[in-house]
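The numbering of the sequence shown is my numbering, which starts it at 40 and goes up by one.
Every residue gets a Cβ at the ideal spot worked out from N, C-alpha and C, and that includes glycine.
Below: one structure, written as C-alpha cells.
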Amino acid sequence: MPLAVKVPLLVAGLMMVLGAIASERVLARLDDLQERRLRDLAALYFDGLSVAILPAALRSDVWEAFDALDRATRQERSISAQVTTLSTEDGVVLASSDPVRFPSGMPVPDELTAAATPEAITLTTAAPTVVVRTPLTYQGLPVGQLNAELDVSDLIADRRKAVIYLLTGNALATGLLSLIGYLLVRRMLRPVSLLAEHMGRAEGPDLIEAADVPSGANEFGRLFRQYNALVRSERERKADTRRLAEQERLLSLGRLASSVAHEVNNPLGGLLNAVDTLKHHGHRPGVSERSIALLERGLSGIRDVVRAILETHRPRAYASTLTDADLEDLQLLVGPEIRRQQQTFELSLEPGALEGFEVESGPVRQAVLNLLLNASAAAGPGGHVRLSVEQSDGQLAITVANDGETLPADMRHVLETGEPQGGSTGVGLRIVAETCAEIGGRLRVDEVSGETRVGLVIPRHRAEGRAA
Numbered sequence: 040m041p042l043a044v045k046v047p048l049l050v051a052g053l054m055m056v057l058g059a060i061a062s063e064r065v066l067a068r069l070d071d072l073q074e075r076r077l078r079d080l081a082a083l084y085f086d087g088l089s090v091a092i093l094p095a096a097l098r099s100d101v102w103e104a105f106d107a108l109d110r111a112t113r114q115e116r117s118i119s120a121q122v123t124t125l126s127t128e129d130g131v132v133l134a135s136s137d138p139v140r141f142p143s144g145m146p147v148p149d150e151l152t153a154a155a156t157p158e159a160i161t162l163t164t165a166a167p168t169v170v171v172r173t174p175l176t177y178q179g180l181p182v183g184q185l186n187a188e189l190d191v192s193d194l195i196a197d198r199r200k201a202v203i204y205l206l207t208g209n210a211l212a213t214g215l216l217s218l219i220g221y222l223l224v225r226r227m228l229r230p231v232s233l234l235a236e237h238m239g240r241a242e243g244p245d246l247i248e249a250a251d252v253p254s255g256a257n258e259f260g261r262l263f264r265q266y267n268a269l270v271r272s273e274r275e276r277k278a279d280t281r282r283l284a285e286q287e288r289l290l291s292l293g294r295l296a297s298s299v300a301h302e303v304n305n306p307l308g309g310l311l312n313a314v315d316t317l318k319h320h321g322h323r324p325g326v327s328e329r330s331i332a333l334l335e336r337g338l339s340g341i342r343d344v345v346r347a348i349l350e351t352h353r354p355r356a357y358a359s360t361l362t363d364a365d366l367e368d369l370q371l372l373v374g375p376e377i378r379r380q381q382q383t384f385e386l387s388l389e390p391g392a393l394e395g396f397e398v399e400s401g402p403v404r405q406a407v408l409n410l411l412l413n414a415s416a417a418a419g420p421g422g423h424v425r426l427s428v429e430q431s432d433g434q435l436a437i438t439v440a441n442d443g444e445t446l447p448a449d450m451r452h453v454l455e456t457g458e459p460q461g462g463s464t465g466v467g468l469r470i471v472a473e474t475c476a477e478i479g480g481r482l483r484v485d486e487v488s489g490e491t492r493v494g495l496v497i498p499r500h501r502a503e504g505r506a507a
C-alpha cells in the first residue's frame with residue numbers, strides 16, 4: 040500500500056479513536072446532566088403533589104385522592120406523569136390515576152415497591168418511562184407512599200439526537216481530515232515518488248532533470264542532488280568496470296596468445312626444415328616418407344592447439360554442452376605456461392562426473408582457463424597445479440589448486456564479489472566471477488594442506504535451467 044494512503048488511513052484511525060473517546064465523554068456528561076435535571080424535576084413534582092393529596096390521604100378519601108391524582112397527571116409541566124398512585128402505610132393501593140391497572144384495595148405491586156426515590160433515579164435504559172416513589176409524611180410521621188411513572192421520552196430523544204449528531208460530526212470530520220491528509224501527504228511525497236520512478240526504471244537508475252530538483256536547501260533538494268551525484272558516480276564506476284574487464288580480458292588473451300605462440304612456433308621450425316629437406320633431398324629414398332611424417336605430426340599438433348582455442352572462445356550462438364574433452368583441452372592450452380615454468384600438472388577427472396549437467400562449455404572453459412593461468416602464476420617455477428572435476432550431492436565441482444602462495448585478500452574479494460578492492464586482480468578473475476554468476480554457480484576459496492583451492496560449484500538444477 041502506498042505511503043500516501045497509509046498515512047491518511049492512520050490519521051483516520053487516530054481520529055476515530057479520539058472521536059470515540061470524545062463522544063463517550065460528551066454522552067457521559069449529557070447523561071449526568073439529564074439525570075440531575077430529572078431528579079430535581081421529580082422532587083418538585085412530588086412536593087407539589089404531596090401538598091394537594093395530603094388531606095385526602097389523612098382522611099382515606101378515595102375520590103378526593105383520585106381527583107388530585109387525575110389533575111396532577113393531566114397538567115402540563117416540565118415533567119409529566121403517565122400514572123400516579125397513592126398507597127397507604129399498610130401497603131394497600133388507596134387511589135390511582137389508572138384504576139384499571141392499580142384498583143383501590145389491592146396490595147402495592149412489587150414494581151412500585153422497588154421503584155427508586157427521586158435522589159436515586161438513573162437513565163440506564165431506553166424505556167420511555169421511569170417509576171419513582173416517595174414517602175408521604177405528615178408532621179414527620181409516615182402516612183403512605185406516592186408512586187409515579189414519569190415520562191422521560193423527551194430526554195431519551197435528546198440523547199438519541201446527541202448520539203446521531205456526534206456520529207455524523209465525527210464521520211464528517213474524520214473523512215474531511217483524511218481527505219486533506221491524503222492530499223497533503225501526496226503533495227509532500229511527490230518528490231519521493233519521482234525519486235522511486237527514476238530508481239526503478241528497467242534500464243537502471245536515471246538522472247533527475249534539473250527542472251524537477253527542488254530549489255533551496257530543503258531535504259528533498261539535497262536528496263535529489265545527492266542522488267544525481269550517486270547516479271553519475273555509479274555510471275563512472277560501471278564504465279571503469281567495463282574498461283577494467285576489457286583490460287583483464289586482453290591480458291588473459293595476451294597471456295594465452297603468448298603461450299600458444301610458443302606452442303605453435305616450436306613445430307614450425309621442424310616443419311620448415313622438413314620442407315627444405317623435401318626441396319633439396321626429396322629424390323633420395325626414404326627422405327620423402329620421413330619428411331611427410333614429420334609434417335603430419337607438426338600440423339596435427341598445431342591443429343589440436345587451434346581447435347582448443349576455438350572451442351574455448353566459441354560464440355554463444357554455437358555453444359555446445361560441456362564434455363570431458365573440453366576439460367582435457369585445457370591441459371593443452373595451459374601446457375606451454377606449465378612447461379615454461381617447469382611445473383607439474385595433474386588432471387583428475389572423475390568418470391561420469393558431467394553426466395546430468397547440461398551446461399554450456401564455453402563460459403566454463405574460459406573461467407577454468409583463467410583460474411589455471413592464475414594458479415600457474417601463483418605456483419611459481421617448479422610448482423604444482425592440479426585440476427579436479429567431481430560430482431557430489433547433485434553438484435558439479437571443478438577445482439583448481441596450486442601449492443604456491445596463498446591467495447591475496449584483494450583477489451579473494453574479486454572472486455567473492457566480482458568487484459575490485461585495490462591492488463592486483465589477477466588474470467581475468469573478475470571475468471571468472473561474472474561467468475560463475477552467469478551460469479548460476481558459486482565460487483569457493485579454501486586453503487587446505489598447503490594448497491590454495493578455488494572451486495567452481497554448479498548445482499544440477501541451475502545447470503539445467505541455464506541450458507534450457
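Per DSSP, what kind of secondary structure is residue i in: helix, strand or coil?
i, result
"residue 59", "helix"
"residue 202", "helix"
"residue 492", "strand"
"residue 129", "coil"
"residue 497", "strand"
"residue 124", "strand"
"residue 74", "helix"
"residue 538", "With the chain represented from 40 up to 507, any question about residue 538 goes unanswered, as that position is not in the structure."
"residue 373", "helix"
"residue 357", "Residue placement at residue 357 is poorly supported in this model, since its pLDDT is 46, which falls under 50; the coordinates still yield a value, given next. Residue 357 falls in the helix class under three-state DSSP."
"residue 437", "strand"
"residue 152", "helix"
"residue 106", "helix"
"residue 505", "For residue 505, the predicted model reports a pLDDT of 49, less than 50, meaning its position is unreliable and no value from the coordinates is stated."
Are the Cβ atoms of residue i and residue j separated by less than 8 Å?
i, j, result
"residue 119", "residue 197", "no"
"residue 108", "residue 81", "no"
"residue 441", "residue 473", "no"
"residue 123", "residue 53", "no"
"residue 47", "residue 224", "yes"
"residue 183", "residue 127", "yes"
"residue 361", "residue 403", "yes"
"residue 252", "residue 260", "yes"
"residue 172", "residue 194", "no"
"residue 435", "residue 384", "no"
If you compare alpha carbons, which of the options is closest to residue i?
i, options, result
"residue 409", "247, 149, 470 and 157", "470"
"residue 204", "62, 265 and 342", "62"
"residue 437", "363, 171, 346 and 381", "363"
"residue 330", "97, 315, 406 and 214", "315"
"residue 389", "377, 481, 367 and 123", "367"
"residue 439", "398, 483 and 130", "483"
"residue 77", "430, 422, 159 and 267", "159"
"residue 274", "258, 234 and 245", "245"
"residue 147", "130, 137, 153 and 140", "130"
"residue 412", "399, 400 and 371", "371"
In chain order, what residues of the same chain lie with their CB nearer than 7 Å to the CB of residue i, ignoring the 5 residues before and after it?
i, result
"residue 95", "103, 104 and 107"
"residue 188", "120, 121, 122, 168 and 170"
"residue 177", "93 and 97"
"residue 181", "128 and 174"
"residue 444", "417"
What residues in its chain sit with their C-beta under 6 Å from that of residue i, if we drop five residues either side in the sequence?
i, result
"residue 505", "Confidence in residue 505 is poor, its pLDDT being 49 and thus under 50, which makes the residue's placement unreliable; the coordinate value appears in the next sentence. Once the five neighbours on either side are set aside, the close Cβ partners of residue 505 are 478 and 479."
"residue 201", "69"
"residue 209", "58"
Skipping 5 residues on each side, what residues in its chain have a beta carbon closer than 8 Å to that of residue i?
i, result
"residue 161", "74 and 155"
"residue 346", "368"
Query raised in the report: At which residue ranges does the stretch 161-197 contain complete beta strand (DSSP E) runs of 3 or more residues, listed in the order of the chain?
Result: Every beta strand (DSSP E) stretch that sits fully inside the stretch 161-197 and reaches 3 residues is listed by chain position as 168-177 and 180-190.
Query raised in the report: In chain order, which continuous runs of the alpha helix (DSSP H) of length 4 or greater are located wholly inside the stretch 206-273?
Result: 229-238
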